[in-house]
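Note sheet for the following structure.
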Amino acid sequence: AQSVTQLDSHVSVSEGTPVLLRCNYSSSYSPSLFWYVQHPNKGLQLLLKYTSAATLVKGINGFEAEFKKSETSFHLTKPSAHMSDAAEYFCVVSGRPGGGADGLTFGKGTHLIIQP
Amino acid sequence: NAGVTQTPKFQVLKTGQSMTLQCAQDMNHEYMSWYRQDPGMGLRLIHYSVGAGITDQGEVPNGYNVSRSTTEDFPLRLLSAAPSQTSVYFCASSLQGLNTEAFFGQGTRLTVV
Numbered sequence: 003a004q005s006v007t008q009l010d011s012h013v014s015v016s017e018g019t020p021v022l023l024r025c026n027y028s029s030s031y032s033p034s035l036f037w038y039v040q041h042p043n044k045g046l047q048l049l050l051k052y053t054s055a056a057t058l059v060k061g062i063n064g065f066e067a068e069f070k071k072s073e074t075s076f077h078l079t080k081p082s083a084h085m086s087d088a089a090e091y092f093c094v095v096s097g098r099p100g101g102g103a104d105g106l107t108f109g110k111g112t113h114l115i116i117q118p
Numbered sequence: 005n006a007g008v009t010q011t012p013k014f015q016v017l018k019t020g021q022s023m024t025l026q027c028a029q030d031m032n033h034e035y036m037s038w039y040r041q042d043p044g045m046g047l048r049l050i051h052y053s054v055g056a057g058i059t060d061q062g063e064v065p066n067g068y069n070v071s072r073s074t075t076e077d078f079p080l081r082l083l084s085a086a087p088s089q090t091s092v093y094f095c096a097s098s099l100q101g102l103n104t105e106a107f108f109g110q111g112t113r114l115t116v117v
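Those protein sequence lines, which keep their order, are chains A and B.
The first sequence lines up with residues 3 to 118 when you count with the numbering used here.
The second sequence lines up with residues 5 to 117 when you count with the numbering used here.
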């Protein structure tokens with residue numbers, strides 16, 4: 003089985019400062035990892051994904067994440083926050099190859115607040 | 005391309021009523037899923053399908069039915085609505101498998117009173 007823990011339920015940063023959203027995972031397999039963003043009253047949009055290629059993954063809107071197997075982490079970062087980054091962010095780990103009810107496991111989310 | 009389309013966007017039901025949440029995708033994806041999102045819980049898998057005519061239960065299937073008669077459509081039926089089913093429901097589709105990149109609809113916000 004697999005699980006994912008988002009270490010902060012809320013993160014508040016000032017506009018123009020760096021963003022760090024933390025995610026730890028556990029998996030019995032070699033997982034794929036994803037970050038999704040959900041703006042208020044919207045669906046989920048894929049920010050970036052790791053699928054066993056480069057460990058530093060670049061996504062949309064200036065976000066990136068680094069896969070660290072030794073630390074079982076996949077933290078999301080951005081050098082400079084923008085007001086439009088205010089949203090809910092979900093770290094997601096894939097399940098057993100072949101899918102089934104193990105398909106995707108979602109973290110509980112981190113609410114990112116941007117202070118002007 | 006529209007992607008994944010869900011209807012309705014909002015719905016209020018009385019306890020005991022039934023309804024169907026519609027989901028359609030135009031990307032020819034074989035894999036489709038229904039999730040519910042509750043505050044502080046992330047998304048939890050209700051039912052999924054790996055192709056037309058094939059469905060199975062996810063983590064929280066009780067009180068819901070699904071069918072998959074075509075590749076495009078994957079409706080979710082609430083048989084007898086309960087207040088515990090108040091939630092936001094998301095439909096998703098994926099190309100290469102249930103544990104790969106998923107494309108989500110805009111969601112249906114359901115309130116059961």
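A virtual CB, placed ideally from N, CA and C, is assigned to each residue, including glycine.
Since we're looking at a predicted model, the values are computed, not measured.
Query	Result
For Thr-19/A, which residues of its own chain have a beta-carbon under 8 Å away from its beta-carbon, when the five flanking residues on both sides are left out?	Ser-82, Ala-83
Is it buried or exposed for Asp-30/B, if we count other Cβ within 10 angstroms and need 16 for buried?	exposed
Is Ile-62/A buried or exposed, if buried means 16 or more other CB atoms sit within 10 Å of its CB?	exposed
Let me know if Gly-46/B comes out buried or exposed under the rule of 16 or more other beta-carbons within 10 Å of its beta-carbon.	buried
Would you tell me roughly how many angstroms separate the C-alpha atoms of Met-85/A and Ser-73/B, rounded to the nearest one?	43 Å
If you draw a straight line from the alpha carbon of Asp-77/B to that of Gln-10/B, how long is it in whole angstroms?	10 Å
Could you say if the region 22-35 of chain A and the region 58-75 of chain A meet the contact criterion of at least three C-beta pairs nearer than 8 Å?	yes
For the beta strand (DSSP E) containing Asp-42/B, name the first residue and the last one.	35-42
By DSSP, does Ser-73/B sit in helix, in strand, or in coil?	coil
Indicate whether Gly-105/A and Asn-66/B have their beta-carbon atoms separated by less than 8 Å.	no
Is it the case that the region 14-30 of chain B contacts the region 30-40 of chain A, given that we only count it when at least three CB pairs across the two stretches are under 8 Å?	no
What separation, rounded to the nearest whole angstrom, lies between the Cα atoms of Thr-7/A and Lys-51/A?	17 Å
Terminal residues of the continuous beta strand (DSSP E) containing Ala-28/B?	23-29
Which residues share a DSSP beta bridge with Lys-71/A?	DSSP output for Lys-71/A lists no bridge partner at all.
Spell out whether any CB of chain A is found under 8 Å from the CB atom of Phe-108/B.	yes
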